[in-house]
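Here is the structure we will look at.
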Amino acid sequence: MSINQIEQALLAPNGLTEQDIADTLASIATRQIDYADIYFQSSWHESLVLEDSIIKDGSFNIDCGVGVRAVTGEKTGFAYSDQIQLEGLKQSAIAARGIAQQGQNGKVHAFKRSDNQAYYDAVNPLASWEKQQKTELLLSLDAYIRTKEPLIKEVSISISGVHEQMLVAATDGTYAGDIRPLVRLSISVLAEKGDRRERGSAGGGGRFGYDFFLSETNGVKQ
1 MSINQIEQAL LAPNGLTEQD IADTLASIAT RQIDYADIYF QSSWHESLVL
51 EDSIIKDGSF NIDCGVGVRA VTGEKTGFAY SDQIQLEGLK QSAIAARGIA
101 QQGQNGKVHA FKRSDNQAYY DAVNPLASWE KQQKTELLLS LDAYIRTKEP
151 LIKEVSISIS GVHEQMLVAA TDGTYAGDIR PLVRLSISVL AEKGDRRERG
201 SAGGGGRFGY DFFLSETNGV KQ
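Letter by letter, the sequence shown follows residues 1 to 222 in the numbering used here.
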């Protein structure tokens, strides 16, 4: 995973640079601190729920922010801003370093830019499919389930996606990040025969895009 890719996704749109982060850590280290780090995160979440062959619910939200931690001895100071911007970062740094007394400056090592091994694609599931495609997937699964077993009386299907970006920088020289996709599909059914009612459920997902649910293994769709 390229650190440049993460910077362009998380820092650049908010007007921040690597130097801004280094300067912030240096400002924390003006106190007697043993260690400090800054954690940036942005998460996009969405979900769709089908019940009774109708899309009953849908949600979308974005969470983002930056956390600053300072450690001195057994004490830890932490502050958080729900906006990724320079002013919020500075204020969080001032609050976090408040646990330490003035005195000899702490040490800030030069950043060791780390390109992590990519264990999954940096795909954004939320942008990879239009809403209509997600809706059609749920409707087609609902129809397939009801066709395969006439005893099925109720079907509930949900699909969700997450696109998470994170970056951590620390006084020990740590400077690394990740872009993490996550999708999940869950199905619950109710079968009836006479007075007997049985429920069953299954689900799956992983760190990839929605295309996974249309992929094939040995000619058989997942």
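Beta carbons are placed, not taken as given, at the ideal position from N, Cα and C, and that holds for glycine. The structure displayed is predicted, hence computed values, not measured ones.
With a threshold of 16 other CB atoms inside 10 Å of the CB of residue i, please say whether the residue is buried or exposed.
i	result
L214	exposed
I62	exposed
E198	exposed
T17	exposed
A29	buried
A36	buried
D142	buried
A110	exposed
Y144	exposed
G209	buried
Q8	exposed
Roughly how many whole angstroms lie between the Cα atoms of residue i and residue j?
i	j	result
H163	S92	25 Å
Q133	A70	46 Å
R207	G15	29 Å
I54	Q165	33 Å
S160	P13	25 Å
K153	N124	35 Å
L48	G73	47 Å
Q90	L10	Gln is not the amino acid found at residue 90; the sequence shown has Lys there. If you take the alpha carbons of K90 and L10, they lie about 17 Å apart.
D211	G204	13 Å
W44	D52	28 Å
A96	A79	5 Å
T217	R31	Only weak support exists for where T217 lies, its pLDDT of 41 falling under 50; the coordinates are left without a value.
L86	Q19	11 Å
E130	S59	14 Å
D195	A118	52 Å
I38	G173	12 Å
Would you give the residue range spanned by the alpha helix (DSSP H) that residue i belongs to?
i	result
P125	125 to 128
A22	18 to 28
I99	Where I99 is concerned, there is no enclosing alpha helix (DSSP H), given that its DSSP letter is neither H nor E.
M117	First, the residue type needs correcting, since residue 117 is Gln and not Met in the sequence shown. Run containing Q117: none; DSSP gives neither H nor E here.
N4	3 to 6
Within the continuous beta strand (DSSP E) that includes residue i, where are the two ends?
i	result
S201	196 to 206
I33	Run containing I33: none; DSSP gives neither H nor E here.
If I'm right that residue i touches residue j with Cβ under 8 Å, what's the distance once you round it to whole angstroms?
i	j	result
L151	E192	6 Å
S42	I84	7 Å
V189	V155	5 Å
G77	I99	4 Å
L25	T171	5 Å
N116	A176	6 Å
F40	V66	5 Å
Hey, does residue i have any beta-carbon neighbour from chain B nearer than 8 Å?
i	result
K153	The structure shown has no chain B; it contains just one protein chain.
| task | Write down every uninterrupted run of the alpha helix (DSSP H) in the segment 138 to 182 whose length is 4 residues or greater and which is fully enclosed by it, in chain order. | result | Entirely contained in the segment 138 to 182, not one alpha helix (DSSP H) run reaches 4 residues.
| request: Report the residue ranges of all alpha helix (DSSP H) runs contained in full by the segment 61 to 89; include only those spanning at least 4 residues, in chain order. | output: Counting only unbroken stretches of 4 or more residues, no alpha helix (DSSP H) element lies wholly within the segment 61 to 89.
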